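Data block below; observations after.
Written out as structure tokens, the structure is:
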């Protein structure tokens, strides 16, 4: 591709995106059609409270008697 073809392709993509945005706004002006507004922002949940004992998966509570 030469520079002229790249410019033409970029213009075609930009025009298609603008037409799609205009059509979406016409159907639902200011509503859910706008990018990023229909999906809530993710929120990381708080980790569960830990007691004084180590977690079960840590293996800290295992007895090592008889291990040579």
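Residue numbers (the numbering used here): 55 to 122.
Glycine included, C-beta positions come from ideal geometry on N, C-alpha and C.
In this text the structure is predicted, and so the values were computed from the model without any measurement.
Rounded to the nearest whole angstrom, the C-alpha separation of residue 112 and residue 98 is 24 Å. The DSSP-derived three-state label of residue 119 is coil. Between the alpha carbons of residue 79 and residue 94 lies a gap of roughly 20 Å.
Rounded to the nearest whole angstrom, the C-alpha separation of residue 66 and residue 77 is 16 Å.
DSSP, reduced to helix, strand and coil, places residue 73 within a helical segment of the structure shown.
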